[in-house]
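Each residue of the sequence shown is one higher than the one before, starting from 11 at the first, in my numbering.
Just so you know, even glycine gets a beta-carbon here, dropped at the ideal spot from N, CA and C.
Worksheet: the structure to be examined is printed underneath.
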Amino acid sequence: MSEDKVAERARVRFTPARLPEEPDEIESYRPLSGLAVVATLLGLASPLALFAPFLWVLPLGGLLASLGALRAIGSMVPPMLGRKGALAGLALSLIFGVAGPVDWACYRWQIRREATRFAMQWFDFLRASEPHKAFQLRLAAETRSPLDDSLWQVYYEGSDLRQMLEEFLRDKAVRTLMALGQKATIRYFDTEAQEGGREADIVEQSYAVTYPGPEGPTTFFVSLRMERSQPRDSDRAFWRVINHRGGIRPRALGGSGEEW
């Protein structure tokens, strides 16, 4: 065998293996943003803001945590993990941070509307000289009698209801409204106060009563404090008049809030 062929085989046999090239840059470790985790959790909890005003702190906290997380993530090189979670928390917090107050305001508005309709029924009974029906609206729903032609029978002589009705009829505002009858015009004036709880909603409203006087139209105000409750075993809500007061000066006209 010639020397050239031997040398060629030796080069093939002892050619060193080529190692894989190392990457120019080894990816750095990227930590997870703790604020992004908090923002995500608060965003997931933010739907609870629909249930009570004090829970509005959840979307507010989620909004602040999300903005803080996005700022921290963007300032790091390389950026931390958690950007998607922070964005999701930001979106949820914004949605329910707006939905919570809007839902609360709509609910309060609806309660005021219901209270106004109920109050007008009370006034209408008195203007129609039906105090026995107006008095029934002061009773709890479970003790209230049907408002039909047989209602007078529950006010039999000597009964507790009869005594309470007679006391009700001694009230000056009641007597005045009955005396004015259809000559009186009743208008909603203002909601003096409104509060809600787990068991019931309380609404205080003032109404303007206008009637033709000797020197022209004359107006006085009547306040009604009403309660809305809904039994747990019922899908209906019930209203009742807790108290009323005539001749008051509404808060909007500088009156005190201590009429009750």
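Does the beta-carbon of residue i have 16 or more other beta-carbons within 10 angstroms, so that it is buried, or is it exposed?
i: TYR166; result: exposed
i: PRO69; result: buried
i: ASP34; result: Note that ASP34 has pLDDT 48, beneath the 50 cutoff, so the model's placement of it is unreliable and no number is given.
i: GLN8; result: Residue 8 lies beyond the stretch modelled for the chain, which goes from 11 to 270, so this question has no answer here.
i: VAL251; result: buried
i: SER233; result: buried
i: LEU263; result: exposed
i: ASP158; result: exposed
i: ALA273; result: The structure shown does not extend to residue 273, since the chain spans only 11 to 270, so no value can be given for it.
i: VAL213; result: buried
i: VAL67; result: exposed
i: VAL87; result: exposed
i: ASP245; result: exposed
i: VAL219; result: buried
i: ALA62; result: exposed
i: ASP170; result: exposed
i: ILE36; result: Its pLDDT being 49, under 50, ILE36 is placed unreliably in this model, and the coordinates cannot settle the point.
i: ALA46; result: buried
i: GLU202; result: buried
Pull up the CB-CB distance for residue i and residue j, whole angstroms please, since I reckon it's below 8 Å.
i: ARG238; j: ILE121; result: 6 Å
i: ALA75; j: ALA55; result: The pair is not a contact, with the Cβ atoms about 11 Å apart (cut-off 8 Å).
i: GLN146; j: SER155; result: 6 Å
i: PHE230; j: PRO260; result: Not quite, the Cβ-Cβ distance comes to about 11 Å (not below 8 Å), so this is no contact.
i: LEU42; j: GLY72; result: Actually they do not touch by this definition, with Cβ atoms about 18 Å apart.
i: ARG118; j: GLN204; result: 6 Å
i: GLY99; j: LEU52; result: 6 Å
i: TRP249; j: GLU124; result: 7 Å
i: ALA129; j: TYR217; result: 7 Å
Tell me residue i's beta-bridge partners as DSSP assigns them.
i: ILE196; result: VAL219
i: MET236; result: VAL213 and VAL251
i: THR201; result: GLN215
i: PHE231; result: ALA218
i: LEU91; result: LEU42
i: GLY256; result: VAL232
i: GLY206; result: ASP211
i: GLY226; result: GLY223
So does residue i have its beta carbon nearer than 7 Å to some heavy atom of the ligand PLP?
i: LEU190; result: The model depicted lacks the ligand PLP and carries no ligand whatsoever.
message: Can you confirm whether the segment 191 to 199 touches the segment 98 to 108 when touching is taken to mean that 3 or more C-beta pairs between the two stretches lie within less than 8 Å?
response: The segment 98 to 108 makes no contact with the segment 191 to 199; the number of CB pairs closer than 8 Å stays below 3.
- prompt: Contact between the segment 178 to 191 and the segment 244 to 258: three or more CB pairs below 8 Å?
  reply: yes
task: Could you tell me whether the segment 223 to 230 touches the segment 240 to 253, using the rule of 3 or more Cβ pairs below 8 Å?
output: The segment 223 to 230 vs the segment 240 to 253: no contact.
message: Could you check whether the segment 76 to 89 touches the segment 133 to 141, counting it as contact only if at least three pairs of C-beta atoms, one from each stretch, sit closer than 8 Å?
response: no
query: How about the segment 137 to 146 and the segment 86 to 93: do they share at least three Cβ pairs that are nearer than 8 Å?
result: Too few Cβ pairs lie closer than 8 Å, so no.
field: Runs of alpha helix (DSSP H) lying entirely within the segment 134 to 174, each at least 4 residues, in chain order
entry: 141 to 146
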